[in-house]
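Colleague: Protein chains in written order, with this note's numbering: chain W, 109 to 298; chain U, 109 to 298.
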DNA sequence: GTGGTCATTGACCGGGTAGTCAACGTAGAG
DNA sequence: CTCTACGTTGACTACCCGGTCAATGACCAC
């Protein structure tokens, strides 16, 4: 028994990397303490030593997923554009990211729907809510002086982007962000 | 051993009803042969006698879900309306249905994301595809004579409706279909 | 009645799971 | 060098799962 020691951070990262790989390749159900331990080249007990429980491991894994896929939304360097152009640009960037990270986004949805308690949902909900927060300002600008209500537009945009994420998961190859963008451009208020 | 006999149909319905109830109340993971049998007041063996395997039971349950929630889309009695009014109306009806059946829709998504093989996904995909088929004709009519492309509009509408279904699941109480409809009306082409 | 068909039971099996723990190495402090 | 603190191991427990099956009863045709 016993074996070489590594710093906590390094071990945790290795375990999470193994869990991430298994989840991507075979889905959330395949993420068991044993399989993760084997994939990381350590014993099962060590997983619990570092993450206390399986839920602890999954929470950490969810954190990795959310940090890597949903938390880059920003319109800081777009301030010079007209509001509608900025909105279009933000949507475009987001749709491209959804295509790129569709496997990770699928895992996030798998987390969301695998449980009904708040353990995972609260975290995911917070990330989703950031969508609304990110789109709201520009939507209000776009709506100003039109018949459109800013908050209603923001709700619609969020629904559209999230629906697009489902399309991306359903069929990553055939999903075409350009179709949605083209429609938006065509209904652009004068 | 042995016990009162019931016709196959009646038994299957009772088992499915029990499974449905458990799934709604506690999620898909809670649907085990034992729990379903207990809830239906029968023995575990009988579940397998009637459905052969757990996957068989889940497939049947998914069928019940899809029949009850996604398969009523139709625009037959709306032919007299202008294309755009018809599209609005269809979206409205669908959004209201999503709110009403949000628990069942959530279960459908749980089915979708619980597995990555085609056992459940193919069935759900077929139902989702019917969305596109249902919206395509009216979208083409709406697009005729405008800068909008019919098929692109249809893809956008499907994404919007499916995104709205996620919003409904996230927060059934606060989700407001009217917000989306109002935005659509505001961007309605002349 | 009698025989046969079939729904029904529940104990049972093999297997995978989360989580525990006493024993054991290893490294660093004194 | 020794002692202590802690990372590490893997066998172990308790549990629940899907699935099987011989025994059993209910029902029907004759």
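Positions of the beta carbon are idealized from the N, C-alpha and C atoms, including for glycine.
Pick out whichever of U:164, U:254, U:265 and U:118 has its Cα sitting closest to the Cα of residue 199 of chain U.
Modeller: Walking along the second chain from the start, residue 199 of chain U turns up at place 91. It is U:265.
Colleague: So residue 272 of chain W and residue 267 of chain U are in contact, right, with Cβ under 8 Å, and what is the actual spacing, rounded?
Modeller: In the first chain, the residue the question calls residue 272 of chain W occupies position 164. In the second chain, the residue the question calls residue 267 of chain U occupies position 159. The Cβ separation is near 5 Å, so the contact holds.
Colleague: Give a yes or no on contact between the stretch 240–260 of chain U and the stretch 220–239 of chain W, applying the rule of three or more CB pairs nearer than 8 Å.
Modeller: Cβ pair count under 8 Å is below three, so no.
Colleague: By the 7 Å beta-carbon criterion, what residues does the stretch 225–238 of chain U contribute toward chain W?
Modeller: Within the stretch 225–238 of chain U, the residues whose Cβ lies closer than 7 Å to some Cβ of chain W are 233 and 236, listed in chain order.
Colleague: Mapping the DSSP letters down to three states, classify residue 152 of chain W as helix, strand or coil.
Modeller: Counting from 1 along the first chain, the entry for residue 152 of chain W is found at position 44. Helix.
Colleague: Among U:282, U:263, U:291 and U:227, which one has its Cα closest to the Cα of residue 250 of chain W?
Modeller: Within the first chain, the letter at position 142 stands for residue 250 of chain W. Ranking U:282, U:263, U:291 and U:227 by Cα distance to residue 250 of chain W puts U:291 first.
Colleague: For residue 198 of chain U, report the span of its alpha helix (DSSP H) as first-last.
Modeller: By one-based count along the second chain, residue 198 of chain U stands at place 90. 191–208 is the extent of the alpha helix (DSSP H) around residue 198 of chain U.
Colleague: Identify each residue in the stretch 265–276 of chain U for which the Cβ-Cβ distance to at least one residue of chain W is less than 9 Å, and report them in chain order.
Modeller: The stretch 265–276 of chain U vs chain W, Cβ under 9 Å: 265, 266, 267, 268, 269, 270, 271, 272, 273, 274 and 275.
Colleague: Taking 9 Å as the cut-off, decide whether the C-beta atoms of residue 194 of chain W and residue 187 of chain W are in contact.
Modeller: The count along the first chain starts at 1 and reaches residue 194 of chain W at position 86. The count along the first chain starts at 1 and reaches residue 187 of chain W at position 79. Yes, the Cβ-Cβ distance between residue 194 of chain W and residue 187 of chain W is below 9 Å.
Colleague: Quick check: is the beta carbon of residue 125 of chain W nearer than 9 Å to any beta carbon in chain U?
Modeller: As a position in the first chain, residue 125 of chain W is number 17, starting the count at 1. Not one chain U Cβ lies under 9 Å of residue 125 of chain W.
Colleague: Output the distance between the C-alpha atoms of residue 116 of chain W and residue 154 of chain W, rounded to the nearest integer angstrom.
Modeller: Here residue 116 of chain W refers to the residue found at position 8 of the first chain. Here residue 154 of chain W refers to the residue found at position 46 of the first chain. Cα to Cα, the separation comes out at about 11 Å.
Colleague: Three Cβ pairs or more, each shorter than 8 Å: is that satisfied between the stretch 204–212 of chain U and the stretch 144–158 of chain U?
Modeller: As far as the Cβ criterion goes, the stretch 204–212 of chain U does not touch the stretch 144–158 of chain U, which means the pair count is below three.
Colleague: Using a Cβ-Cβ cut-off of 8 Å (strictly less than) and excluding sequence neighbours within five positions of residue 254 of chain U, which residues of its own chain qualify?
Modeller: Counting from one through the second chain, the residue named residue 254 of chain U turns up at place 146. Contacts found: 297.
Colleague: Please report the distance separating the alpha-carbon of residue 145 of chain U from that of residue 233 of chain U.
Modeller: Looking up residue 145 of chain U in the second chain gives position 37. Looking up residue 233 of chain U in the second chain gives position 125. One C-alpha to the other measures close to 30 Å.
Colleague: Counting pairs of Cβ atoms below 8 Å between the stretch 221–228 of chain U and the stretch 255–264 of chain W, do you hit three or more?
Modeller: The stretch 221–228 of chain U, when compared against the stretch 255–264 of chain W, does not touch it at the 8 Å Cβ threshold.
Colleague: With respect to the alpha helix (DSSP H) encompassing residue 288 of chain W, which residues constitute its N-terminal and C-terminal limits?
Modeller: Position 180 of the first chain holds residue 288 of chain W. Where residue 288 of chain W is concerned, the enclosing alpha helix (DSSP H) stretches over 285–294.
Colleague: Are at least three pairs of beta-carbons, each pair with one atom in the stretch 124–132 of chain U and one in the stretch 269–283 of chain W, less than 8 Å apart?
Modeller: The stretch 124–132 of chain U vs the stretch 269–283 of chain W: no contact.
Colleague: What span of residues does the alpha helix (DSSP H) with residue 224 of chain U cover, start to end?
Modeller: Stepping through the second chain from its first residue, residue 224 of chain U is reached at position 116. Note, residue 224 of chain U: premise wrong, no alpha helix (DSSP H); not H, not E.
Colleague: Does the distance from the CB of residue 170 of chain U to the CB of residue 123 of chain U come in under 9 Å?
Modeller: Residue numbering aside, residue 170 of chain U sits at position 62 when the second chain is read from its first letter. Residue numbering aside, residue 123 of chain U sits at position 15 when the second chain is read from its first letter. Taking 9 Å as the Cβ cut-off, residue 170 of chain U and residue 123 of chain U do not qualify as a contacting pair.
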